[in-house]
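The structure appears below as structure tokens.
Chains as they are written, first to last, in this note's numbering: chain D, 3 to 248; chain F, -18 to 811.
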């Protein structure tokens, strides 16, 4: 098993002792080749403390999801560095980053990203099984019950409503007890009422678990529920106060 | 407007990539069937022309009366070349010497197929020419020249005329239909016949009218002339003239037909698998258009038009590529075949275009129909990937189209039935096996506590049960047809090689008297040739069956009429020849050597309606004997060995007058020994079949090459189809692997999960395919191709060993390069 290899144990040890959940320095991301190159992020700096909840807002196309992908190690920056709890991603290959994601990160996507061939229970168990976590089934059932889907364990995604699917995704994100939770427009595909219920659930679970939350949204009201709000504009982050421009 | 919309949507689907997979599979389907059909078509024409060389034309009308002028007119109507010959026995005299010869008078233009090998000067070796003897000239076969002791430029007397010997006729390829004529050949120009004064009223003359041309014109001529045939006239083509060539050509045609069917099945399987993303996207677009106010009729028209445009593009592209590919094949084949292959006809284009439209419409039609009742919201909310279509409705059109295509390509109902039964059987067996195995593997996977990637891969088989079963069936079908072709090809080639070994008899000696049996055996021992069997030959006419007199008028079949109006050669043997096979009844025991039994060859039994236990009365030199049919035998005419239609126990005909015959292989370097034999035993007739056997062997070799080429093409097509099928499910796999990696799976885990799932599919597919291929190849070998079947376990194992890992490796090759793409990019791109 890759996850039990020595280097990952070392990473694991490092991650639990650092005070910064995420530290991004001089982060740049460009796409395309010159002269058609587009700079999405330019020398971006970010520090997120352990247990902190941070909202990243910005207009459509500002690069919020790109930033989230870089912070989670889902994509490679053009230059700069991301360190998760003191461990630099640039030192790690894709598999090592995947191992960190599996054990320390949870994700909630706008489009739910559930595996259609798996039941709600199997979807929630999946990240725990990938990292050989004990009691995956028990934990998954308990988490699904917490999100109010105790009676929908054996349902497939297509048998669930949009709100229910997102609750499964939230359960999947929380069940492995990650250190950091990434949420990318978690209400983007839901109606207002359902969206609010989902956000309540997300924040209450996060509060109870004391996890670091990085939330990408263009919804100002939603962003205000986080401890800190950052605006992404022209490839740079700025502190709240400029929310009116979103 | 509708055309513009259809075109725009197709173009956007092309850009999105869905259409590429679909069109790729469609073009591949059309390409494979047109290329194989173009090639088969040309090979078949070539082989028939090759066969025609043995007759001197593609088709011969044989008559005992002069050929009417309207036959020539009819041949012209069908755009065929034609010529006539006549043959009769007569004495040829040179001084004091004379010899009965088979005179053949030919017109300019003969032969229409093949050539002669003639020595035109005593100082020069024989060469191949395509001409006839000039007026006043004759060509003699070497043994006639030898008996008469004549050389080139000498004069011989035929009837009332004298002729100059202008050449020694070393080989007459067109004698293939009449190999066993006992008298040596003298060939002359037909304009000289009158001056010989040999053809008088009542003379026994065999008239032949030969035609040659395109296969379809020959077939048309044959159909047109058949009702005009007079009594005593019959049609002969290479298949009816030479049983071993007929047998080989039939088997080759069957195999090539099987290959074409294989390409149809492979293509349809690929199309079915590759069409899913296109169908889903089309349905989604249609649902959106319904939202924007388009009526059902407009949507149907757009989808139908799109289907037609696609079918047209796929058909034209496939036909063009198929045509180019077959040119490549024909070029390579042509190099080996030496001769240039004939130009292909347009039939494969017709088949290719029909296939394109038939397949695409049969796949799309159920979905287009289903859109009428679909809930637009369900499509737009992605609750359903496509409009729900009842399973039977979804597959019935494509199954019907497949059946129709197979029936058209198969040519024989037996073959079509075997193939269809095989396909249905494999679907059922593969489905059941896949279901059972998926469940079993899922249960097994629960035991794998620490190997989650393997567990994930195995349980994916169960999670996607429908898709797994469909893929297993698809891969099984593809693998089965390839394995089947491989197994049959090997059996077929082995059978051909075995049927005419290098030491097959090439000299037949007949007219051996009883007191000469021992001396000829001694002579053969002296020339160090393996001592052959010597068979008695008793001439007898079949006069009654079950005490009912038999005469030609009782039969409608021309062959039956001829058979009962001439004498048979009966032979006797204690044991059955090795290349014979009992179909009914039993062979006699040692203590039945004097019993009045007879064993009959199956074709003659069928022609004369002879059944087991019938009592046949033969008239042998004025005495009658009643023989009971104890067995019906199958004779391997391919073997070129001495065989007899009717055989009795060894001593049953002991008291009747008999002569003897033998057949043996004489190496080329001992050919002169035959001159000594004829000098020592002047009454012997020696028939040299070496040159005709070389021709037959040459045709067999070409058939072997053709079979190998077409098989290779099917194999490549099969592999491309496998790849296309994997490409079609690539997106779903990529999405899943990207998500797994987001959730923490390493690339190794993703690879193991994918390989495990496809290994499961490969294992089941290969197992099912090999079991079905063995069963079907046994059926086809025994009942359709009529070749001995033996289980080739090493081939089966080798094929299994190659196929089972091929599927996971192919799947891995499709997804491998995406494993290094960051998951975020992958999720964005899907």
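Beta carbons: idealized from backbone N, C-alpha and C, even for Gly.
How close, in whole Å, do the beta carbons of residue i and residue j come, if the pair is a contact with beta carbons under 8 Å?
i             : j             : result
residue 207/D : residue 184/D : Contact doesn't hold; Cβ gap of about 14 Å is too wide.
residue 583/F : residue 614/F : 6 Å
residue 724/F : residue 132/D : 6 Å
residue 624/F : residue 127/F : About 29 Å separates the two Cβ atoms, so there is no contact after all.
residue 610/F : residue 595/F : 5 Å
residue 141/F : residue 176/F : 7 Å
residue 626/F : residue 581/F : 7 Å
residue 26/D  : residue 47/D  : 6 Å
Please classify residue i: is it buried, with 16 or more other beta-carbons within 10 angstroms of its beta-carbon, or exposed?
i             : result
residue -6/F  : buried
residue 394/F : exposed
residue 459/F : buried
residue 675/F : exposed
residue 2/D   : For residue 2/D there is no data in the structure shown, the boundaries of chain D being 3 and 248.
residue 9/D   : Reliability of the predicted coordinates at residue 9/D is poor, the pLDDT of 41 falling under 50, and no value is obtained from them.
residue 403/F : buried
residue 210/D : exposed
residue 730/F : buried
residue 223/D : exposed
residue 147/D : exposed
residue 319/F : Bear in mind that a pLDDT of 39 at residue 319/F, under 50, signals an unreliable position, so the model cannot answer this.
residue 136/F : exposed
residue 804/F : buried
residue 124/F : buried
residue 63/F  : buried
residue 109/D : buried
According to DSSP, simplified to helix, strand and coil, what is residue i?
i             : result
residue 106/D : helix
residue 219/D : strand
residue 802/F : coil
residue 592/F : coil
residue 333/F : helix
residue 346/F : helix
residue 237/D : coil
residue 77/F  : coil
residue 647/F : coil
residue 143/F : strand
residue 32/D  : strand
residue 492/F : strand
residue 632/F : coil
residue 179/D : coil
residue 180/F : coil
residue 96/D  : helix
residue 561/F : strand
residue -6/F  : helix
residue 5/F   : helix
residue 452/F : helix
residue 471/F : helix
Heavy atom of the ligand SAM less than 8 Å from the Cβ of residue i, yes or no?
i            : result
residue 13/F : Of the ligands one can find in the structure shown there are none, so the ligand SAM has no counterpart to examine.
Tell me which same chain residues have a C-beta within less than 7 Å of the C-beta of residue i, skipping the five on either side of it?
i             : result
residue -13/F : 283, 286, 287, 290
residue -17/F : 279, 282, 283, 286
residue 473/F : 232, 236, 688, 766, 768
residue 419/F : 442, 443, 446, 449
Just to confirm my understanding: we take residue i, look at its own chain, exclude 5 residues before and 5 after, and list those with CB closer than 6 Å. What are they?
i             : result
residue 111/D : 186
Go through its chain and collect everything with a Cβ distance to residue i's Cβ below 8 Å, but skip five positions before and after it.
i             : result
residue 191/D : 112, 113, 114, 164, 168
residue 414/F : 453, 745, 748, 749
residue 68/D  : 31, 42, 43, 77
residue 66/F  : 37, 85, 86, 87, 88, 91, 171, 188, 189, 191
Which runs of the beta strand (DSSP E) fall wholly inside the stretch 56 to 90 of chain D and span at least 3 residues, in chain order? Runs of the beta strand (DSSP E) inside the stretch 56 to 90 of chain D: 81 to 86.
Quick check on the DSSP output: what are the complete alpha helix (DSSP H) runs of length 4 or more inside the stretch 513 to 553 of chain F, in order along the chain? Whole alpha helix (DSSP H) segments, 4+ residues: 539 to 545.
Which full runs of the beta strand (DSSP E) of 3+ residues lie inside the stretch 187 to 211 of chain D, going along the chain? Runs found: none.
Minimum length 3: unbroken beta strand (DSSP E) runs contained in the stretch 94 to 120 of chain F: Residue ranges of uninterrupted beta strand (DSSP E) with 3 or more members, entirely inside the stretch 94 to 120 of chain F and ordered along the chain, are 97 to 100, 108 to 110.
Considering only residues of the stretch 372 to 425 of chain F, which uninterrupted alpha helix (DSSP H) runs meet the minimum length of 4 residues and lie entirely inside it, listed in chain order? DSSP runs (the alpha helix (DSSP H)) wholly in the stretch 372 to 425 of chain F: 372 to 391.
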